[in-house]
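See structure below.
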Amino acid sequence: MTQVSLSTFTDFASNSQAAVEDQSSELTIEVVGSNQLVLVFGSSSNDIIDASISSEGGNDIYGGSGDDTFILGSGDSVFGGAGDDKFFALSGGDNIMHGGPGVDQFWITTAEIPDSANIIADFALGEDVLGIAGLGIDFEDLSITQEKDNVLIAVNGSDLAILQGIGAANLSYQVNANNANYITVTIEDERPIVSFSVNTTTLNEEEGTLFTFNFSVNGAIPEGGLEIALGGELLPFIDQLDFSNFDFTNPDSVKGLSVGNFREDGAVLINITEPSASLSVRVFDDIVKEPDTSYDLTLLAGEGYQLNQQAKAVTVTVTDGVVIDNPPVVALSVDKTNLTEGEEFTVNFNVNADVSPDKPLTVLVKSTEIGALGELNLFNEDGTPAFTTTGIQGTPTVGDDTGSSFLVTLTNSNASIKLSTFNDGIGEGTETFNFALVEGERYAVDSSKGKVTFTIEESPVQVKFEANANGEVTKFAYDLGNARDNDVKASLDQEALDITDAAFDNLVGFYEVIDENGGIDVNGDGVADFNPGDAGYARAALENALDGIAIRLGGNPNNDTTAATFGDVIIQGGKSYAPFAIANAGNLSVQEFLRINPNNNAATVVDDQVAYFAFGAANPDGANHLKSWGNGIFGFEDLPANLGVSDNDFNDAVFKFNFTV
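For the numbering used here, add 104 to where a residue sits in the sequence shown, where the first one is 1.
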């Protein structure tokens, strides 16, 4: 045996590490001084390190491999390393002991009580041993209590040792007291031991691998079950499993357990009711091209059970299992990028390969904005689709639980979806959305045409109308309900006004209606008092004509209203309005017209002054007098149909209104 005294080392203040290596012999080391030394003993033999005489504490002492013996003073951190090590605490205390691998003995008092408790950082239940020598006490004299997350061992009010990370409950003690001078104690954890394993560590999406979570319990299971926690990277891993139609009550899939809630840390609580429990589910075969991804799954510690340290964690890898050379390339585009709420637009898909009903191709489109699909009008109130498709199989489906993506199955190389943005009223301001094709397992994305960006402007108005095949309007309303009680600015589009080509000087105005059916509420009870076709409808409409909306078009161009002269007219939001036109009004006001033709009788000669509405039943000749030119442009016909002279060109008073809050 070789004996080395650290007093042979000089200038400890400037040398922060001291090493003793001797592979051939056992060492006896005396630790001297205190300057936060790191003492590394690389010997593989059984060494004796004595820090009880001259050490002043603050040292890190490493025993290396072998069955080492440590005699402790005070205030040192001691690491036993591999081997069955022995630690003897004397009068000092406040040491931190790390046994390391092996069956270690911790003599927490030797002939005298330490000044302060020593800490055992890694006491292994069922393996390591506590020893008490020279005090003449029995195990029953010890006090064993819980202090936060640790066990505190004391005698007669004096603290002896702290066992870190161990709960005092559910412990059992085996005492060897055959010798009167000392006792040794082995501490066992009576809680059941839980093991976790899986049937495979590789999941292949193409093959639809069946994956099984296995749990086994060694020990008694409490009545009602044993609640355990499984965590690690469980949450992202679960997204790779197909729980879409999973039946948690099917005994072929779920045995001896029930799944509870997720904790804030992402772990799921599982209640085990049988010694052997399992849950089997298949990997989800999505269409997205993904690199092989690994997930660490870990059984987490809990109060009611122990972990099998050799069977508590696994790493699982998910692979697509699809390799395609030269896949078809898909492009994405829209016909409009600047939209208003409620406006219709078209999404186009183009594939540079043969796509057919017999050879369909499913692609995924995803937005960077959470809930972006909520900005699109996808379904009517009765649940039927509010969109139309061309070259697409079935109905596009939502691609995730955040409402940010959708799946579409193409059956033609050129396919499209026609839909509109959702009109949810004002208050959000201008919104910008991005949608992009996601790289697929069986298709590639066009590098220059794989993404679209569009903006949605708030609109205080919805133009609600119905028209026949010729574009002749049968129902109409400017619905300003989105604006609620806010004032709305109405302005004119000059390009639309310039389309007007009429011999008569015509007058266009607005009146309030309940909705696009044209009903007029006179007494304010919300119920139509006059409907198109009722006697007195025209008079009720004109007597309630809006002030400020008086547009003169046709005839003498010097008298025509322009967008500039009209300017911005303020009208009240939260209401609906419909247009009227008085043919050949000249310079007449609405009130003057009512004095001339109070009942709005049909024309008897071509140049009679008659009011026409957006509803054929409201017109004295029973004909439609308003036509949609598209893009929000509408035009009146000013010639009477009852005299057989109408040219039905509907360009005699053409207008387009823009509305802003």
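Backbone N, C-alpha and C define an ideal beta-carbon position, used for all residues, glycine too.
Reference residue i, options the options, closest by Cα
i, options, result
"ALA644", "VAL617, GLY370, GLY161", "VAL617"
"PHE347", "VAL363, PHE491, THR493, VAL467", "VAL363"
"THR290", "ALA228, VAL298, ILE332", "ALA228"
"ASP339", "ILE157, LEU373, GLU327, PHE174", "It is worth fixing the name first, because residue 339 is Leu in this sequence and not Asp. Looking at the Cα atoms, LEU373 is the closest of the given residues."
"VAL547", "ILE224, LYS393, THR666, GLN278", "The amino acid occupying residue 547 in the given sequence is Tyr; Val does not appear at that position. Closest by alpha carbon: LYS393."
"ALA221", "ILE297, PHE192, GLY204", "PHE192"
"THR557", "VAL469, PRO661, GLY630", "VAL469"
"SER158", "GLU292, SER148, LEU541, ASP180", "ASP180"
"PHE537", "GLY475, ASN590, GLU570, GLY575", "GLY475"
"PRO395", "ASN354, VAL467, LEU307, PRO432", "LEU307"
"THR466", "THR441, GLY271, ASN484, VAL434", "VAL434"
"ALA186", "ASN354, PHE754, PRO205", "PRO205"
"GLY170", "ASN150, LEU176, ALA155", "ASN150"
"VAL426", "ILE391, LYS568, LYS731", "ILE391"
"ILE152", "ASP429, GLY161, ILE332, GLY168", "GLY168"
"GLY640", "ASP172, GLY623, ILE287", "GLY623"
"ASP756", "LEU650, LYS731, ALA457, THR764", "LYS731"
"ARG656", "THR666, GLY370, ASN648, PHE634", "THR666"
"ASN705", "GLN695, GLY726, LEU692, SER693", "GLY726"
"THR771", "VAL710, TYR166, GLY671", "Residue 771 is absent from the structure shown; the chain starts at 105 and stops at 765."
"GLY533", "LYS555, ASN663, GLU561", "GLU561"
"ASP198", "GLY184, ASN663, SER178, THR214", "SER178"
"ASP208", "ASP154, VAL182, PRO218, ASN430", "VAL182"
"GLU368", "GLY336, ASP389, GLN410", "GLY336"
DSSP beta-bridge partners of residue i
i, result
"GLU359", "Before going further, note that residue 359 is Lys rather than Glu in the sequence given. In DSSP, LYS359 forms a bridge with SER382."
"GLU331", "ASN375"
"ASN308", "THR423"
"HIS202", "PHE183"
"THR249", "LEU256"
"PRO489", "PHE483"
"LYS731", "GLU576, GLY739"
"ILE686", "LEU611, ALA715"
"ASP263", "ALA258"
"LEU747", "DSSP, once it has assigned bridges, lists no residue as partnering LEU747."
"ASN762", "SER595"
"LEU657", "ASN610"
"GLU570", "LYS579"
"LEU541", "VAL469"
"SER169", "Note: SER169 sits in no beta bridge, so no partner."
"GLN278", "THR290"
Under 8 Å between C-beta atoms of residue i and residue j
i, j, result
"GLY659", "ALA707", "no"
"ALA387", "GLY312", "Before going further, note that residue 387 is Val rather than Ala in the sequence given. It is a contact, given that the beta carbons lie within the stated cut-off."
"GLU294", "LEU275", "yes"
"ASP164", "PHE174", "no"
"ILE615", "LEU584", "A quick correction: the sequence has Tyr, not Ile, at residue 615. Not a contact, by the Cβ cut-off of 8 Å."
"SER768", "LEU477", "Residue numbering for the chain in the displayed model covers 105 to 765; residue 768 lies beyond these limits and cannot be assessed."
"THR450", "SER551", "no"
"GLN713", "ASN746", "no"
"SER62", "LYS593", "Only positions 105 to 765 of the chain appear in the structure, and residue 62 is not among them; the question remains open."
"THR441", "SER563", "no"
"GLY736", "VAL567", "yes"
"GLY235", "THR288", "yes"
"GLY613", "ALA654", "yes"
"PHE319", "ALA381", "yes"
"ILE248", "ALA272", "yes"
"PHE761", "TYR582", "yes"
"VAL577", "ASN728", "yes"
"VAL502", "PHE510", "yes"
"LEU361", "ILE376", "yes"
"ILE603", "VAL709", "no"
"ALA685", "LEU611", "yes"
Cβ-Cβ separation, residue j to residue i (assumed contact under 8 Å), whole Å
i, j, result
"SER384", "VAL420", "With 8 Å as the limit, SER384 and VAL420 do not qualify as a contact, their Cβ atoms being about 14 Å apart."
"ASP609", "GLY739", "With 8 Å as the limit, ASP609 and GLY739 do not qualify as a contact, their Cβ atoms being about 16 Å apart."
"GLY408", "LEU330", "6 Å"
"GLN344", "VAL233", "That belief does not hold up - the Cβ atoms of GLN344 and VAL233 are roughly 46 Å apart, past 8 Å."
"GLN268", "ALA225", "5 Å"
"GLY230", "ILE332", "Actually they do not touch by this definition, with Cβ atoms about 20 Å apart."
"PHE580", "GLU620", "6 Å"
"ALA415", "ASP400", "Not a contact, Cβ separation roughly 15 Å."
"ALA682", "ALA718", "5 Å"
"GLY637", "ALA722", "7 Å"
"VAL321", "PRO379", "5 Å"
"ILE217", "MET201", "So it is not a contact: roughly 17 Å between Cβ atoms."
Does the count of Cβ pairs from the stretch 493-502 and the stretch 512-520 closer than 8 Å reach three?
-> yes
Mind the definition here: the stretch 296-306 touches the stretch 242-260 only if three or more C-beta pairs lie below 8 Å; say whether that holds.
-> no
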